[in-house]
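Visitor: For reference, the structure I am asking about is given below.
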Amino acid sequence: MAVEIEMRARFTKEVHDRLVTRLKADGEDLGPDDKHIYFYVLPDQLLKVTDNTTAGTAKITLKGSRIGQGAAFAETEFPIAPADVPAAVKVFSALGFETAMHEAFNFRHNFRFDGVEIAVKWSEAWGYHAEFEVLLEDGAPDAARAEAEAKITDVATELGLTLMTEQELADFTAAFEAAEKERKEREQQAAPIR
Amino acid sequence: MSTTPLTASLIDLAARGQLPLHQHMDHATVEWISSHRPDLPPAPRPALRPQSKELLTRGGLPTRWWADPRLYTSLHGVRHAMRTAALAAVLAEANGLDDADAATAVVAAAVHDCQRRHDKDDRGHGDRAAVWLAANADTVWDHFGFAATPRRIVQAATAVRLHDVPYGAFTADDRADHARVERITDVVKAADALDRYRLPKLKWWPNAAYVREPAFDQLRGLAFDLVLVSERAYLAGAGGTAAVRYALAEKGLV
Numbered sequence: 001m002a003v004e005i006e007m008r009a010r011f012t013k014e015v016h017d018r019l020v021t022r023l024k025a026d027g028e029d030l031g032p033d034d035k036h037i038y039f040y041v042l043p044d045q046l047l048k049v050t051d052n053t054t055a056g057t058a059k060i061t062l063k064g065s066r067i068g069q070g071a072a073f074a075e076t077e078f079p080i081a082p083a084d085v086p087a088a089v090k091v092f093s094a095l096g097f098e099t100a101m102h103e104a105f106n107f108r109h110n111f112r113f114d115g116v117e118i119a120v121k122w123s124e125a126w127g128y129h130a131e132f133e134v135l136l137e138d139g140a141p142d143a144a145r146a147e148a149e150a151k152i153t154d155v156a157t158e159l160g161l162t163l164m165t166e167q168e169l170a171d172f173t174a175a176f177e178a179a180e181k182e183r184k185e186r187e188q189q190a191a192p193i194r
Numbered sequence: 195m196s197t198t199p200l201t202a203s204l205i206d207l208a209a210r211g212q213l214p215l216h217q218h219m220d221h222a223t224v225e226w227i228s229s230h231r232p233d234l235p236p237a238p239r240p241a242l243r244p245q246s247k248e249l250l251t252r253g254g255l256p257t258r259w260w261a262d263p264r265l266y267t268s269l270h271g272v273r274h275a276m277r278t279a280a281l282a283a284v285l286a287e288a289n290g291l292d293d294a295d296a297a298t299a300v301v302a303a304a305v306h307d308c309q310r311r312h313d314k315d316d317r318g319h320g321d322r323a324a325v326w327l328a329a330n331a332d333t334v335w336d337h338f339g340f341a342a343t344p345r346r347i348v349q350a351a352t353a354v355r356l357h358d359v360p361y362g363a364f365t366a367d368d369r370a371d372h373a374r375v376e377r378i379t380d381v382v383k384a385a386d387a388l389d390r391y392r393l394p395k396l397k398w399w400p401n402a403a404y405v406r407e408p409a410f411d412q413l414r415g416l417a418f419d420l421v422l423v424s425e426r427a428y429l430a431g432a433g434g435t436a437a438v439r440y441a442l443a444e445k446g447l448v
């Protein structure tokens, strides 16, 4: 099981435009990579069915912790056919995870800058944001994890971005989940259309 | 009239006079729109008041509001509704509408086509939508986080009823109604007209002669970009709501 060191930053449209200009000039442009993602937010894990709409592929991913519970994510994933995405969603929903499911389309463009993979994204919940990632081998020592986090922090600073703290990430995702819950309840309680 | 699913692009079908009842965007038509961008001045980046931003970022408009669910994703579906609502918010700023009138214009713009039966010349759909809005006022205003007051309902329903009636065809009753809700009605009609860049024939694109809006020409660039960005996003796989919200973010509106 590989380990991803992931860190995130949110920013305005103006900062987004400056960031993309800088990454196109000084980084490696890995191209667009839009995704439609079905998230199952479980108590201590995150299960995802991802339709890589730009790449024309799909996958199922289980992450060993949720956003806001540390930067290191143990990850297991396997490919599925894009045509099987609806069936995968149906299976997980039928297993009782439906109430924990959110779906989102991510407009995404990937770059590599100074050894760090940077996905510049927009989604309805997060707005403009970036995910910084360094992939480590299974069993990487704590020192390697700390080094990867330091590397990402340096790159973010170089790009003029402030990374979200674990507390900010936890607060943000908790607020999103609460708003989603309220929205679903409001929809269920809405008066019938006449 | 045919309800046969599309086998050709909207531009081809429009050129042959064979557009179906339900018209769904396609890649060829979006690229045709892109290649026919008029010589427009750079789109201004209007600043919306916080209330309008909040209205535009409220939950997506429910499918069940549409009389025919097939229209939710068509040319008169949720993407058109959301862009029209956004353009109404921009026009509300340009015309100095107060908060109450701006919110009423946005709500009216969001639902103005929801009772269409098809994407062709559906006479009376404004009238039907106005009746629907009055009947479902609590649901609609609650969705946007407001209370449905009699004044708001009458104003919005009037604008919705008159949105598909040309000014030159107004009856005496229409003129009397328009006089009572003039600014909101004019904003909704102009916002609806600005979103015509999505239509697959140049002669159907926005024409200032059919509206009463001094800022109309200044907003053509913004309207064109909102169509192009959101329709491309939709065809890339985003849902209708996400596609338009992305376009609004790209244009700095939310």
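Respectively, the protein sequence lines represent chains A and B.
Under this note's numbering, the residue at position 43 of the first sequence is numbered 43, and the numbers go up by one with no gaps.
Under this note's numbering, the residue at position 126 of the second sequence is numbered 320, and the numbers go up by one with no gaps.
Every residue, glycine too, gets a C-beta built ideally from N, C-alpha and C.
#1: A/S123 lies in the alpha helix (DSSP H); which residues open and close that run?
#2: For A/A191, decide whether its Cβ has a neighbour in chain B, counting only Cβ atoms nearer than 7 Å.
#3: Can you list, in chain order, the residues of its chain with a C-beta nearer than 8 Å to that of B/E287? Leave out the 5 residues immediately preceding and following it.
#4: Could you work out which residues of chain B lie near A/G13, taking near to mean beta carbons separated by less than 8 Å?
#5: Rounded to whole angstroms, how far is the Cβ of A/V120 from the Cβ of A/H109, which I believe are closer than 8 Å?
#6: Looking only at its chain, what residues have a beta carbon closer than 8 Å to the beta carbon of B/H274, apart from the 5 residues adjacent to it on each side?
#7: Quick check on the DSSP output: the beta strand (DSSP E) that includes B/K397 runs from which residue to which?
#8: Report buried or exposed for B/R310, applying the criterion of at least 16 other Cβ atoms within 10 angstroms of its Cβ.
#9: If you draw a straight line from the alpha carbon of A/L62 to that of B/V354, how long is it in whole angstroms?
#10: Could you give the C-beta distance for A/A25 and A/L163, rounded to a whole number, given that I count them as a contact under 8 Å?
#11: Kindly indicate which residue of B/R317, B/V405 and B/R414 has the alpha-carbon position closest to the one of B/D233.
#12: Is B/A237 helix, strand or coil by DSSP?
#13: Which same chain residues end up closer than 8 Å to A/A179 when comparing Cβ atoms and leaving out the 5 residues on each side of it in sequence?
#14: Cα-Cα, which of B/E248, B/D380 and B/Q349 is closest to B/P360?
#15: Anything in chain A within Cβ reach of B/A280, meaning under 9 Å, just list it in chain order.
#16: Using only the alpha-carbon positions, how far apart do A/A72 and A/E6 sit?
#17: Using a Cβ cut-off of 7 Å, pull out every chain A residue sitting near B/G433, in sequence order please.
#18: Is any beta-carbon of chain A found at less than 7 Å from that of B/L429?
#19: Do B/T201 and B/V448 have their C-beta atoms within less than 7 Å of each other?
#20: Would you kindly check if the distance between the Cβ of B/T343 and the Cβ of B/V375 is under 7 Å?
#21: Strictly under 7 Å for the Cβ-Cβ distance: is B/T333 near chain A by that measure?
#22: In chain A, what lies closer than 8 Å to B/A436 by C-beta?
#23: What does the Cβ neighbour count give for B/T198, buried or exposed, with the cut at 16 atoms within 10 Å?
#24: Grouping DSSP H, G and I as helix and E and B as strand, with all else coil, what is A/D72?
#25: State yes or no: is the C-beta of A/D32 within less than 7 Å of the C-beta of A/T50?
#26: Extract the residue ranges of the alpha helix (DSSP H) inside the stretch 88–170 of chain A, only unbroken runs of 4 or more that lie entirely within it.
#27: Show which residues of chain D have a CB atom less than 7 Å away from the CB atom of B/R439.
#28: In angstroms, rounded to a whole number, what distance separates the CA positions of B/H357 and B/L204?
#29: In the DSSP assignment, find the unbroken alpha helix (DSSP H) run with B/E225 in it and report its ends.
#30: So is B/T198 in contact with chain A if we call contact Cβ pairs under 7 Å?
#31: Leaving aside the five residues before and after A/A174 along the sequence, list all residues of the same chain whose C-beta is less than 8 Å from its C-beta, in chain order.
#32: State the Cα-Cα distance for the pair B/Q412 and B/T298, rounded to the nearest angstrom.
#33: Which residues of chain B have a Cβ atom closer than 7 Å to the Cβ of A/D34, listed in chain order?
#34: Since I believe B/G431 is in contact with A/H36 (beta carbons under 8 Å), could you give me their beta-carbon distance rounded to a whole number of angstroms?
#35: Rounded C-beta distance between B/A409 and B/L213? I'm assuming under 8 Å.
#36: Examine the Cβ distances between the stretch 121–129 of chain A and the stretch 429–444 of chain B and report whether three or more of them are shorter than 8 Å.
Guide: Checking against the coordinates, here is how it stands:
#1: Careful: A/S123 lies outside any alpha helix (DSSP H), inside the beta strand (DSSP E) at V116 to S123.
#2: Interface residue, yes.
#3: Annotation for B/E287: P240, A241, L242, R243, S246 and A296 place their beta carbon closer than 8 Å to its own, counting only its chain and skipping 5 residues before and after.
#4: It is worth fixing the name first, because residue 13 of chain A is Lys in this sequence and not Gly. Simply A443, E444 and G446.
#5: About 5 Å separates the two Cβ atoms, so the contact holds.
#6: Shown here for B/H274: same chain residues with a beta carbon closer than 8 Å to its own, the five before and five after excluded, namely D307, D389 and R392 in chain order.
#7: In this chain, B/K397 is not harboured by any beta strand (DSSP E), its DSSP state being neither H nor E.
#8: Answer is buried; the Cβ neighbour count reaches 16.
#9: A/L62 and B/V354 have their alpha carbons spaced roughly 48 Å apart.
#10: Not confirmed; about 22 Å, so no contact.
#11: B/R414 is the residue among B/R317, B/V405 and B/R414 whose C-alpha sits nearest the C-alpha of B/D233.
#12: In this structure, B/A237 counts as coil in the three-state DSSP scheme.
#13: Nothing meets the Cβ criterion.
#14: It is B/D380.
#15: What B/A280 touches in chain A: nothing, since even the nearest Cβ is about 15 Å away.
#16: Put simply, the backbone Cα of A/A72 is about 6 Å away from that of A/E6.
#17: Going along chain A in sequence order, the residues near B/G433 (Cβ under 7 Å) are F105.
#18: Against chain A, the CB of B/L429 has no partner CB under 7 Å away; the residue lies outside that interface.
#19: Result no, Cβ atoms of B/T201 and B/V448 do not sit closer than 7 Å.
#20: Judged by beta-carbon spacing, B/T343 lies beyond the 7 Å limit of B/V375, meaning their Cβ atoms are not closer than that value.
#21: Output row for B/T333: interface = yes.
#22: Here the neighbours are A104, F105, S123 and E124.
#23: For B/T198, the pLDDT reaches just 45, beneath the cut-off of 50, and the residue's location in the model is therefore unreliable, leaving the point undetermined.
#24: Residue identity differs from the one stated: residue 72 of chain A is Ala in this sequence, not Asp. When DSSP states are grouped into helix, strand and coil, A/A72 belongs to the strand group.
#25: The sequence given here has Pro at residue 32 of chain A, not Asp. Taking a C-beta distance under 7 Å as the contact criterion, A/P32 and A/T50 do not qualify as a contact pair.
#26: Entirely contained in the stretch 88–170 of chain A, the alpha helix (DSSP H) runs reaching 4 residues are, in chain order, 142–158.
#27: Considering every chain present, this structure includes no chain D. Its protein chains are A and B.
#28: Just so you know, the alpha carbons of B/H357 and B/L204 end up roughly 24 Å apart.
#29: Taken as a continuous stretch (DSSP letters only), the alpha helix (DSSP H) holding B/E225 covers H221 to S229.
#30: Because the pLDDT at B/T198 is just 45, under 50, the model does not fix this residue reliably, and the value given afterwards should be weighed accordingly. It does not; no Cβ of chain A falls within 7 Å.
#31: Closer than 8 Å at Cβ, skipping near neighbours: G68.
#32: The C-alpha of B/Q412 lies about 23 Å from the C-alpha of B/T298.
#33: At a beta-carbon threshold of 7 Å, the residues of chain B lying near A/D34 are A430 and G431, ordered along the chain.
#34: Rounded, the Cβ-Cβ distance is 5 Å, consistent with contact.
#35: 31 Å between Cβ atoms; not a contact.
#36: Counting Cβ pairs under 8 Å, three or more are found: they touch.
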